[in-house]
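K.L.:
Below you will find the structure I want to go over with you.
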Amino acid sequence: MKLHEFQAKRIFAQHGVPIPKGEVATSAVYAREIAQRLGLPVVIKSQVLVGGRGKAGGVKLARTADEAQALADQILGMSIKGYTVKRVLVDQGVDIQDEIYLGMVVDRARRRVVMMASAEGGIDIEEVAATMPEAIKTVTIDPFLGLKSYQAIGIASSIGIPQNQFRNFTQIAFGLYKAFMATDAELAEINPLVVTAEGTLLAVDGKMVLDDNGLYRHPDLEEMRDLDEEAPSEIEARINGLSYVKLDGEIGCMVNGAGLAMATMDIVKHYGGSPANFLDIGGGAKSEKVAAALRIILSDPNVKAVLLNIFGGITRCDEVARGILAALDEVKPDVPMVARLVGTNEKEGRALLATADMITATTLAEAAQKAVAAAHNELA
Ligand code: GDP
Ligand code: MN
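Anchor point for the sequence shown: position 254 equals 1327 in the working numbering, and the numbering is continuous, going up by one each time.
So this is what it looks like as structure tokens:
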């Protein structure tokens, strides 16, 4: 789950990272009030869950209250990379001398949290990584020892931070690490971390991505979720407890178990098709859950065929079949469906599906081939 800048910065501040004073507004008049309260200049910043807002015209400096109101009016309602701006953050303006990048991320290959820093702040870190990878310095954090001062100082010196700022930088690195750990984050980023004209460090922009699987431990963070910025299919999947990832292919896959789902996607590819999604309905899925899964798959206009691959263990094939029939009643799909049900109660399951207009298969290879052929209109 992604957090908005104002949310990420609040969390950073709670852990000792200095941020500019600021407040959120949903109207231009209120943005003006905030600007007057904070003192000018202020920065009016669109709050949408995408990067590069500055380049898109979603971050503007206002020198007067009139200008703050006019710019807020202009930015509210603006569309940035497909997201409509509903809120702006009005932050105290900062006199920027230098922009640094500081981030932490779960590095799956190293199986550690990695801290990254770069003197090339303010621009997309992906861009820096592509054009001058040597400008990004990294430090691996041991989960048992945590971040150590020598690591923070080492990275500060490697990106050329002046020595009189080491103490401030270390405090910010520790704060960011605490914020990261306390929220079960996957990513926490300050870009830019600025050196102000007064010679202090300040987190001007903040980004956080939280691990969805850790959210049950943080009901207060779950409340920060912005449903406006999520695809309806992903919201429905989450409500129904389904693991769903949308992909670009044409074959919708409904499978029980993450490993089997991966194998199903592989074999679809092997036979020349391309999966439209990853979808794990989980173990012991009841018919309502199956119906929701099918609705989600069929809501994707790219789907030209659906492949149901169910291995009945705890999950009973007849229960899944009932779910499919219920869903078919409701969504009336106009694409071919291929079903492979094996395991617990497979006979009952197949008998139920016999009443529906479905292609059946026994082996996974056969099912995948039929699904690919159906998607490509090659079935007689
Ligand atoms: P992003 O484009 O979505 O990453 O939004 P940022 O919050 O990083 O803002 C983009 C750029 O706007 C920053 O890199 C700064 O150069 C500039 N900026 C942001 N806040 C201030 C500020 O308070 N004062 C000044 N002068 N520039 C700012
Ligand atoms: Mn930024």
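Idealized CB from N, CA, C, for every residue including glycine. Please read these numbers as outputs of a predicted model, since none were measured by experiment.
1) Please write down, chain order preserved, every residue whose beta carbon lies under 7 Å from a heavy atom of the ligand MN.
2) In terms of alpha-carbon separation, which member of Gly1332, Gly1287, Val1187 and Val1411 lies closest to Gly1474?
3) Give the DSSP-derived three-state secondary structure of Gln1120 in the structure shown.
4) Using only the heavy atoms of the ligand GDP, determine whether one of them is closer than 8 Å to the beta carbon of Lys1159.
5) Can you give me the C-alpha to C-alpha distance between Gly1131 and Ile1173, rounded to a whole angstrom?
6) Does at least one heavy atom of the ligand GDP sit under 8 Å from the Cβ of Pro1091?
7) Under a three-way DSSP split, which group does Val1167 fall into?
8) Can you tell me which residues form a DSSP beta bridge with Arg1160?
9) Could you name the residues of the same chain whose beta carbon sits closer than 7 Å to that of Asn1313, not counting the 5 residues immediately before and after it, in chain order?
10) Would you report the Cα separation of Ser1316 and Ile1383, rounded to the nearest angstrom?
11) Give the DSSP-derived three-state secondary structure of Thr1433 in the structure shown.
12) Pick from Pro1216, Met1338 and Lys1210: whose alpha carbon is nearest that of Gly1227?
13) So is the beta-carbon of Asp1171 under 8 Å away from any non-hydrogen atom of the ligand GDP?
14) Assuming Leu1275 contacts Pro1406 under a Cβ cut-off of 8 Å, what Cβ separation, rounded to an integer in Å, is found between them?
15) For Arg1331 and Phe1351, what's the separation of their Cα atoms in angstroms?
16) Can you tell me where the alpha helix (DSSP H) holding Phe1085 begins and where it ends?
17) Report, in whole angstroms, the separation of the C-beta atoms of Leu1076 and Met1254, which I expect to be a contact under 8 Å.
18) Got a sec? Which residues, its chain only, sit under 6 Å from Arg1105 by beta carbon, not counting five neighbours each side?
19) How close, in whole Å, do the beta carbons of Val1102 and Phe1079 come, if the pair is a contact with beta carbons under 8 Å?
20) For the ligand GDP, is there any heavy atom lying closer than 8 Å to the beta carbon of Gly1131?
21) Cα-Cα, which of Val1393, Glu1199 and Lys1342 is closest to Ala1438?
22) I need the boundaries of the alpha helix (DSSP H) containing Lys1251, first residue and last residue.
P.N.:
Straight from the coordinates:
1) Answer in sequence order: Gly1124, Gly1127, Gly1195, Asn1264, Pro1265 and Asp1278.
2) The requested residue 1474 does not occur in the structure, where the chain is confined to residues 1074 to 1453.
3) The residue labelled residue 1120 in the question sits at position 47 within the sequence shown. Correct three-state label for Gln1120: coil.
4) As a working mapping, residue 1159 is identified with position 86 in the sequence shown. Look at Lys1159: its beta carbon is at least 8 Å from all of the heavy atoms in the ligand GDP.
5) Here residue 1131 refers to the residue found at position 58 when the sequence shown is read from its first residue. Here residue 1173 refers to the residue found at position 100 when the sequence shown is read from its first residue. Their backbone Cα atoms lie some 20 Å apart in a straight line.
6) In the sequence shown, residue 1091 corresponds to position 18, counting from 1. No, the Cβ of Pro1091 stays beyond 8 Å of every heavy atom of the ligand GDP.
7) On the sequence shown, residue 1167 is found 94 positions in, with the first residue counted as 1. Note: Val1167 maps to coil in three-state DSSP.
8) Your numbering for residue 1160 matches position 87 in the sequence shown. For Arg1160, which the question treats as bridged, DSSP gives no partner whatsoever.
9) Translated into positions along the sequence shown, residue 1313 becomes position 240. Once the five neighbours on either side are set aside, the close Cβ partners of Asn1313 are Lys1362 and Ala1365.
10) Here residue 1316 refers to the residue found at position 243 when the sequence shown is read from its first residue. Here residue 1383 refers to the residue found at position 310 when the sequence shown is read from its first residue. One C-alpha to the other measures close to 15 Å.
11) Against the sequence shown, residue 1433 aligns to sequence position 360. Reduced to three states, the DSSP call for Thr1433 is strand.
12) Against the sequence shown, residue 1227 aligns to sequence position 154. The option with the nearest alpha carbon to Gly1227 is Lys1210.
13) Your numbering for residue 1171 matches position 98 in the sequence shown. No, Cβ of Asp1171 sits at least 8 Å from all heavy atoms of the ligand GDP.
14) Translated into the one-based positions of the sequence shown, residue 1275 becomes position 202. Translated into the one-based positions of the sequence shown, residue 1406 becomes position 333. The Cβ separation is near 54 Å, so there is no contact.
15) As a working note, residue 1331 is residue 258 in the sequence shown. As a working note, residue 1351 is residue 278 in the sequence shown. For clarity, residue 1331 is Ala in the given sequence; the question names Arg instead. If I take the Cα positions, the gap works out to 8 Å.
16) By 1-based counting over the sequence shown, the position of residue 1085 is 12. Unbroken alpha helix (DSSP H) run through Phe1085: Glu1078 to Gln1087.
17) In the sequence shown, counting from the first residue as 1, residue 1076 sits at position 3. In the sequence shown, counting from the first residue as 1, residue 1254 sits at position 181. Contact flag wrong, Cβ pair sits at about 16 Å.
18) Position 32 of the sequence shown, counted from the start, is the residue given in the question as residue 1105. Same-chain partners within the cutoff: Ala1138, Ala1141 and Gln1142.
19) As a first step, residue 1102 must be located in the sequence shown, where it is residue number 29. As a first step, residue 1079 must be located in the sequence shown, where it is residue number 6. In fact, because the Cβ distance is near 19 Å, the residues do not count as touching under 8 Å.
20) Stepping through the sequence shown from its first residue, residue 1131 is reached at position 58. Yes, the ligand GDP has a heavy atom inside 8 Å of this Cβ.
21) Residue 1438 sits at position 365 when you count from the first residue of the sequence shown. Of the candidates Val1393, Glu1199 and Lys1342, the one whose C-alpha sits nearest the C-alpha of Ala1438 is Lys1342.
22) Residue mapping note: residue 1251 aligns to position 178 of the sequence shown, counting from 1. Counting along the chain, the alpha helix (DSSP H) containing Lys1251 begins and ends at Phe1239 to Ala1255.
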